[in-house]
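What follows is a set of notes on a single structure, which appears directly below.
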Amino acid sequence: MWSSEEEEVGDTRTDSILGFYLLNEGNMGSNKCTMDFYDYTTGTYIRNIYGNANPSAVKELGDVGNDLRIYGNRMWAVINCSNKIEVMEARTARRVGQVNLANCRYIAFHEGYAYVTSYAGPVQINPDYEQKGMVVKIDTATLEKVDTCIVGFQPDRLDIANGKIFVANSGGYMFPNYENTVSVVDIGTFREEGRIPVAVNLHHLMADSDGQLWVSSRGDYYGNTSALFCITDPAGTPQVRRITTQAGTDLVAENMTLRGDSLYVIGTEFSYATMQNHTNYGIVNVRTRKVLTTNFITDGTDASIMEPYGIAVHPHTGEILIGDARTHVNPGTLFCFSPEGLLLWKVRTGDIPAHFAFLYER
Amino acid sequence: MTPRSIVIILGTIFPLLTFAQERDSVIHSAYGQDSVSCMMEVSVYARRSEEIVPSQRLSGKRLESLSSFSVADAMRYFSGVQIKDYGGVGGLKTIDIRSMGTNHMGVFYDGIQLGNAQNGLVDLGRFSLDNVEEIALYNGQKAQIFQPARDYGTSGSVYIRTRRPRFEEGKNQNLRASLKGGSFDLINPSLTWEQRWSKRISSSLSADYTGASGKYRFRYRRVLPSGQVAWDTTAVRQNGDIRSFRVEASVFGNTPDGTWNAKAYYYDSERGIPGAIVNNVWKHSQRQWDRNFFAQGQWTKHVSDRYKFQVSGKYANDWMRYLNPDTTLMYQDNKFRQNELYLSTAHHVELLPGWQMNLAADYQYNTLDASLTNFVFPVRHTLLLALATQYEYRRLRLMASLLGTNVWDRTTKGITSDPVSRATSRWTPAVYVSYQPLKDCSDLSLRAFYKGIFRLPTFNDLYYTEVGNASLQPETTRQWNLGFIYSHDWYLGLFRHVELKADGYFNMVDNKIVAIPKGSGQYRWMMMNVGKVHIAGVEATAEAVMRWRRDWSLVLCLNYTYQSATDRTDPTDNDPYYGTYGGQIAYIPWHSGSVAGNLTWRNLGLNYSFIYVGERYHTSANIRENYEQPWYTHDLSATYRWQLPRLALTFAVECNNLFNQQYDVIHNYPMPGRNWKGSVKVEW
C-alpha cells in the first residue's frame, strides 16, 4: 500500500496543465483509497503516490475517497469512510492537514471557503430516527469549520452559481422514501432558502456557464431509472427538464463532467427487465440541451469497459479520461480517448478510479 | 483393553450407549496416565469404523490439550482448512475447506445439521469446547451410508459431537464445574451434571456463560525500505465485547435393539462487532444480538440383522438483531427470525454379506422474516432423497451415493416486487473407494473419491432487499481426491503409533455466487453466478505417539497443506501481473501447516503448538497492494490433574501467541497479540 510504481504510457508535451491526479475510491472497509498521478510532461503514470509523499501518515490516505479538487495551491480529498478531508499541497501531494467531518461527500469552493456536504447532520428522534444532512463551511486558510447549514437527507454533489449553493439531496438512507429535491442555500446567510423538486435520489449537480444546473438522479432501482435533468434559472423561477435522447431514452448518469458547451455523461445501470447492464457514454450540448451522442467512444473500446465510473475531459485538448471500476475489489483501468473517441492509451489504476483533478502550472 | 477389542465394539453397529460405556474405561484410564491407549483408541476408531475414507478428527484428551477455546480454534489443526477469523473472543469465525468457500461447509451438531438458510454461515467461534467430545472433518461427506440424506448434501462437513455421559462402576452421577479466565477480561464458568436414571436412560445438563470485554492491544507499523520506522501505532481493540449464555439438555437411551437421544439447546448472546480498522476510524459501535434455540432427536432401531432404520427430527428457531447506531453511517436496526423444521428417515439393508444399501428421505422447511423495507418473506421446502450403497470385496471397499434435491421457494409479495416462486431439482453423485494393497496388512490403504454437489443460494443471496437476485442458480462443486494412509501400532518400544496420511485433490467451483457492482453508484451490489475457481491441493499429516520409562509419553502431529486456488472467472482479465484470471483467490495461502506436541509425565501435561499460514493476497489480483504477510503463532500450555479419592481437580494455564506476533487474518482486522488463559476444573 505504501510505495508508488511508475509506468510510461503517453507522449510528452508542454502545456500549462502539468498533469492530473486520480483518486481511487477503494472498496469500503479496505482502507485502499489511493491517489495516482499522470505527468503530461513525461508521459508517465505514477500509481499510489500518497504513501511516498507522506511516509508518516498512519494508515495512509484512508477508506473510500469520494471527491478530489484543487483550489489554489492546495488539493482537497474528501475521504468518506475515514470521516475526513485530507488537505495537501497540490504540487507534491504532501499533507498540510485534515478536517474531520463525518460521512463527508462532495466539495466545492467559493471565495476562500470550502463547502462540503455531509450525510451526518444532527440526529433527531421525531418520532423515528432522523438525521438530515448538512453543508459545512470551512476556511481554506485555517482549515477550521466555521458554519453549517442543514439541508435534505443524504446530500451529495453541490455547486455554486450566482451567489447560491445548490445541493443535490439523495435520501439514499431513506429507502424507499428518497429525497427528490435540490436545496438552494444563500451563500451570504448560509441558510437554506428553498427546494427545487426534481426526481428521486439525486446525485450529481453541476452549474454551467449560463447558470443552468445539470442534475442526475440515481433512480430508485425499481420503477424509476437513472436520469439526467436540466434546471433553468435555478435561483429565480426554476424550470426542470428531463434530458432524453431523440428516441426518448434516459441517460444513465453515474458520473458527469463539463467542458465548454459539452456535458459528458457516463454510466451503467442494471436492468431487471433484460438482466443486463445498460451503458451510455453520452454528450449533451448544454445550450441546445440536446443529446449529441450516447456513445462517444468510436473505436469499440467500450466493449472492454466493465463499469465506467470516473470521467474527466482535458480542458485544453479535449481528451477524455474514463475510469473503469471493474469489479470494485480489484484494480481498475484508466482509458484515455482522443476527442474523436479513439483510444490513445490505457493504464492500470488503484481500486475504483473515480475522481480527477488537473494540476495547472502556476 | 486391546485396540482389537475396540475394533470389535465399533464394528458392531451403533450400540451407542454400551459402546460409550465400553469406551469409558479406556478413556478413563487414559485420562490420568495412559494417554497412549487414548491415542490408539482415537486412531483406531478413525481407521476401522464403517467409514471408507477416514476423517480428520480431534477428540478426548487431544482436543483438551490444544489451546483452543472454540470449535473454530481447534479446527486450525486440521489440514486443508482455512479459518476466517475477524479476531477476538466474539469475532466471527468461519471455516473454508479446500478453498471451496465457507458456504459449502455443513456443520452437524450431534448428528443433525445446523442450518442457516439466511446466509449459510455457521459461526464456529460460538461453540465452546467445554461440552464437546469430538470434532471430525470430512471431505465431501461422511463416507458411511447409514445416515440422513442431508449428510450427503455438502462439499465438506464438520461433525461436532457433544460429551456423552459415562459412569464409573457404581456411580450414577457425574458433576463437573469449571472456570476459565484470562486476557480480554474473559470469564467463562461452566457446569455439567450427568445422571444415570436406569440401565437404559441417562441424561446430561450443561450450561456455560462467556463474558469478555474483547479488549486487546494491537499494533500497526510501517517500516521504510531503509529500515527506518515511518510510523508505529498501538491501539486497543474496541467493541469486541461479548456476553453469551448456553444451556443444553440431552437424554440418551438404549433399547434392546436400538438407541435414541434427544436434546434441547439454547444460546443467547450480545456482542459488539469490532469492524475494520481504517485511517481515522479506530472503533465501531455496531451490535448484534442472537437467540438460537433448537430441539432435536434421533432414534435408531435394528429390526433384524439385515435391516435397521433411523428417524431424526429437529425444530430450530433463530432470532438475530443487528443495530448500527453509528451517527456517521446509516442508522440500522434490523431483526431477523428464522424457523426450520426437519424430518428424516434412513433405512439400511444388507442385501448380501458385504453389500449394503441405504435409502434416506428428508424433508425440511425454512422461513425467514426480516424487519427490512420491501422484504419478501421467503419460505423454502426441501425434499431430499439419498440412495447409497456400500460393497466390500476382499480388500476393496466401495461406496456410491446419489442425492436428489428438490427445492421450492415461495415469497410473499413485497411493496414493489412481484412474488417469486422458484424450484430447483438436481441429482448429484458421490463415489468413494478404498483399497488395501498389501495382503494381510491393514496398515496401508489407498483411497479415492469423487463428489459433485452444490450449494443453494441462501435467502440473502436471493431475496435480500435490493441486493438479492431471485434468478440465481446453485453454486456447484466437483471434487476429485486420491490419497493414502499408513499407520502402525506397536506394543513395545519407543514408538507406539505412527500414522502418515497424504491426499492430493482437484476441485472445481462453478457458478460461484459473487457480489457484483450493479452500477449507478452508492455501493449497490447484486449477487450473480459468475465466479469460477480451480483448486489443486496436497495435504499431508504425520503423527507419532512415543512412550518411554513407563510414565512419559509424547504425541507429535504435523500438518501441511499446499493449495493453488485460482480464479477462473474472467478470461479477459489476464494480465500476467495484475490480472485476476489465474490469480490465487482471496485469503487462500499457498502453504499452511501446523505442529502440535503433547508431552505427558504422570499427571502433568505440556502442550505446544505452532500454526503457520503463508503469504496470501486479499483479492485475486495478486499485486503487492493486496499482499498479506504470512503469520504464525506459537501457543504453549500446561495442565496438571490432581486425583483425590472422590474428586479430581485439573488446572491449566496457557499462553497463546507466545511471541506476541501482530497479524491480520482478514485485512484490517487485527488479531490479538500474546494472551493468557487459566482454568480450573473440578469433577466428582
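Top line first, the protein sequences correspond to chains A and B.
Start counting the first sequence at 1; every next residue gets the next number (the working numbering).
Start counting the second sequence at 363; every next residue gets the next number (the working numbering).
Each residue gets a CB set at the ideal place from its N, CA and C atoms; glycine is no exception.
Contact list for residue i against chain B, beta-carbon separation under 8 angstroms
i: L61 (chain A); result: N641
i: Q131 (chain A); result: T689 and Y693
i: M275 (chain A); result: S833
i: T41 (chain A); result: What T41 (chain A) touches in chain B: nothing, since even the nearest Cβ is about 26 angstroms away.
i: R348 (chain A); result: D937 and Y940
Coarse secondary structure for residue i, derived from DSSP in three states
i: C919 (chain B); result: strand
i: R683 (chain B); result: strand
i: T369 (chain A); result: The question about residue 369 (chain A) has no answer, for chain A in this structure spans 1 to 362.
i: H859 (chain B); result: strand
i: A958 (chain B); result: strand
i: Y867 (chain B); result: strand
i: E361 (chain A); result: coil
i: T524 (chain B); result: strand
i: R788 (chain B); result: strand
i: T689 (chain B); result: coil
i: N936 (chain B); result: coil
i: T646 (chain B); result: Note that residue 646 (chain B) is His in the sequence shown here, rather than Thr. Residue state, collapsed to three classes: coil.
i: D630 (chain B); result: strand
i: L605 (chain B); result: Inspection of the sequence shows that residue 605 (chain B) is occupied by Arg rather than by Leu. Correct three-state label for R605 (chain B): strand.
i: Y825 (chain B); result: helix
i: R1036 (chain B); result: coil
i: N80 (chain A); result: helix
i: N728 (chain B); result: strand
i: E530 (chain B); result: coil
i: E837 (chain B); result: strand
i: H204 (chain A); result: strand
Burial state of residue i (16 or more Cβ within 10 Å)
i: T903 (chain B); result: buried
i: T942 (chain B); result: buried
i: Y755 (chain B); result: exposed
i: H1049 (chain B); result: As shown, chain B starts at 363 and ends at 1046. That puts residue 1049 (chain B) outside it, with no answer to give.
i: L1006 (chain B); result: exposed
i: N1022 (chain B); result: exposed
i: I815 (chain B); result: buried
i: N891 (chain B); result: buried
i: M275 (chain A); result: exposed
i: E193 (chain A); result: exposed
Chain B residues whose Cβ lies nearer than 9 angstroms to that of residue i
i: T181 (chain A); result: What T181 (chain A) touches in chain B: nothing, since even the nearest Cβ is about 18 angstroms away.
i: F229 (chain A); result: The contacting residues do not exist; F229 (chain A) stays about 15 angstroms from chain B at best.
i: H355 (chain A); result: In chain order: nothing, as chain B lies at least about 13 angstroms away.
Amino acids of chain A, ordered along the chain, whose beta-carbon sits closer than 7 angstroms to that of residue i
i: M692 (chain B); result: Y173
i: N1018 (chain B); result: Within 7 angstroms Cβ-Cβ: nothing; N1018 (chain B) doesn't reach chain A, min ~26 angstroms.
i: W593 (chain B); result: S56 and V58
i: T981 (chain B); result: V329 and N330
Residue i: contacting residues in chain A (beta-carbon distance under 8 angstroms)
i: I985 (chain B); result: P331
i: N1030 (chain B); result: G29, S30 and N31
i: L862 (chain B); result: Per Cβ cutoff of 8 angstroms: no residues; L862 (chain B) is ~40 angstroms from chain A at best.
i: L586 (chain B); result: P55
Closer than 7 angstroms at the beta carbon, the chain B residues around residue i
i: Y281 (chain A); result: Result: empty, since nearest Cβ-Cβ is about 13 angstroms, beyond 7 angstroms.
i: S82 (chain A); result: V640, N641, N642 and V643
i: A90 (chain A); result: Correct list: empty, because the minimum Cβ distance to chain B is about 21 angstroms.
Which ranges would you report for the beta strand (DSSP E) in the stretch 883 to 916 of chain B if only whole runs of at least 3 residues count?
-> Within the stretch 883 to 916 of chain B, the complete beta strand (DSSP E) runs of at least 3 residues are 887 to 910.
Where are the beta strand (DSSP E) runs, 3 residues long or more, that stay fully inside the stretch 732 to 760 of chain B, in chain order?
-> At a cut-off of 3 residues, the continuous stretches assigned as beta strand (DSSP E) that sit fully inside the stretch 732 to 760 of chain B are 741 to 755.
How about the stretch 478 to 485 of chain B and the stretch 443 to 461 of chain B: do they share at least three Cβ pairs that are nearer than 8 angstroms?
-> Counting C-beta pairs closer than 8 angstroms gives three or more between the stretch 478 to 485 of chain B and the stretch 443 to 461 of chain B, which meets the contact rule.
Cβ contact (3+ pairs, closer than 8 angstroms) linking the stretch 207 to 216 of chain A and the stretch 233 to 251 of chain A = Touching, yes, given that three or more Cβ pairs across the two stretches are closer than 8 angstroms.
Counting pairs of beta carbons, one from the stretch 728 to 747 of chain B and one from the stretch 825 to 835 of chain B, are three or more of them closer than 8 angstroms?
-> Contact annotation: the stretch 728 to 747 of chain B touches the stretch 825 to 835 of chain B, with at least three C-beta pairs closer than 8 angstroms.
Counting pairs of Cβ atoms below 8 angstroms between the stretch 337 to 345 of chain A and the stretch 993 to 1010 of chain B, do you hit three or more?
-> No: fewer than three Cβ pairs fall under 8 angstroms.
Could you tell me whether the stretch 84 to 101 of chain A touches the stretch 621 to 636 of chain B, where touching means 3 or more Cβ pairs closer than 8 angstroms?
-> No, the stretch 84 to 101 of chain A does not touch the stretch 621 to 636 of chain B.
Does the pairing of the stretch 628 to 648 of chain B with the stretch 601 to 615 of chain B give three or more beta-carbon distances under 8 angstroms?
-> For the pair of segments examined, the stretch 628 to 648 of chain B was found to touch the stretch 601 to 615 of chain B: the number of CB pairs separated by less than 8 angstroms reaches three.
Please determine if the stretch 511 to 531 of chain B and the stretch 464 to 477 of chain B are in contact, where contact requires at least 3 C-beta pairs separated by less than 8 angstroms.
-> Counting C-beta pairs closer than 8 angstroms gives three or more between the stretch 511 to 531 of chain B and the stretch 464 to 477 of chain B, which meets the contact rule.
In chain order, each alpha helix (DSSP H) run of at least 4 residues that lies wholly inside the stretch 110 to 183 of chain A = Counting whole runs of 4 or more residues, the stretch 110 to 183 of chain A contains no alpha helix (DSSP H) stretch at all.
Are the stretch 113 to 126 of chain A and the stretch 666 to 681 of chain B in contact at 8 angstroms, needing three or more beta carbon pairs?
-> They do not touch, by the three-pair rule.
So, do the stretch 504 to 515 of chain B and the stretch 532 to 551 of chain B have three or more beta carbon pairs nearer to each other than 8 angstroms?
-> No, the stretch 504 to 515 of chain B is not in contact with the stretch 532 to 551 of chain B.
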